[in-house]
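Some notes on the structure that comes next.
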Ligand SMILES: [Zn+2]
């Protein structure tokens, strides 16, 4: 259930799941690696850890305020970012219009003999360089805008999912839990001192839940 979601901070590896008869556990793939730097907690009991992580997710999902507050806050940030990116794009549009005017004037000056051919070439090179910069800058801003707007869609998906899943939290199957873990970006870290920290994309108001499970060899 927690496959690939548990990270050993000592070895920067992800724990692998193993089953033994009716029991299952998660193990660091490199418990004695890196020049005798052993894993503080090389083995985690599956049921116990899963119950802890589920309890945390359950708390988040069954407390609408936590998610709504988070969404409210993030949507606010997203809107501000979108607005500022759109302003930058609009100012690029103006810059490009000015750039084209400048080019037209240059052509005119050359035709009427007001600008020497050398001056014309020099100024034209500057105008073209600016246009390339504008086009690159526009692509960069557009890509940022796309990323921000995708983030917003994920957030709204989370709100819908909360409603859908909150009702059946008690009967959720393994696949449902995998879905919940991925929506909340659950990651379990085994710190170098052996403490187990559960990290979510959404901060819970209480301090993060840290507990230590004695390792079994
Ligand atoms: Zn390890």
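Numbering (my numbering), first residue to last: 43 to 259. All C-beta atoms, glycine included, are put in the ideal place defined by N, C-alpha and C.
query, result
"Alpha carbon of residue 243 to alpha carbon of residue 225, nearest angstrom", "8 angstroms"
"Residue 189 CB to nearest heavy atom of ligand 1 below 7 angstroms", "no"
"Boundaries of the alpha helix (DSSP H) in which residue 97 is found, first to last residue", "88-103"
"Burial state of residue 68, where buried means 16 or more other Cβ atoms lie within 10 Å", "buried"
"Under 8 angstroms between C-beta atoms of residue 81 and residue 53", "yes"
"Residue 48 classed as buried or exposed, judged by whether at least 16 other C-beta atoms fall within 10 angstroms", "buried"
"Residue 56 CB to nearest heavy atom of ligand 1 below 7 angstroms", "no"
"Beta-carbon gap between residue 190 and residue 95 smaller than 8 angstroms", "no"
"Proximity below 8 angstroms, CB of residue 187 to CB of residue 124", "yes"
"Those residues, in chain order, that have a beta-carbon closer than 5 angstroms to some heavy atom of ligand 1", "50, 52, 53, 70 and 81"
"Beta strand (DSSP E) runs wholly inside the stretch 159-226, at least 3 long, in chain order", "none"
"Pairwise C-alpha distance: residue 194 and residue 211", "25 angstroms"
"Residue interval of the beta strand (DSSP E) (run including residue 239)", "237-241"
"Simplified DSSP assignment, three categories, for residue 232", "strand"
"8 angstroms Cβ cutoff met for residue 176 and residue 134", "yes"
"Cβ neighbours of residue 74 in the same chain (closer than 7 angstroms, five flanking residues each side left out)", "80"
"Endpoints, alpha helix (DSSP H) assigned at residue 62", "Counting along the chain, residue 62 falls outside any alpha helix (DSSP H), though it belongs to the beta strand (DSSP E) covering 58-62."
"Residue 204, buried or exposed, once every other Cβ within 10 Å from all chains shown has been counted against 16", "buried"
"Residue 97 classed as buried or exposed, judged by whether at least 16 other C-beta atoms fall within 10 angstroms", "exposed"
"Residue(s) in a DSSP beta bridge with residue 55", "50"
"Same chain, Cβ closer than 8 angstroms to residue 104, five either side skipped, listed in chain order", "208 and 211"
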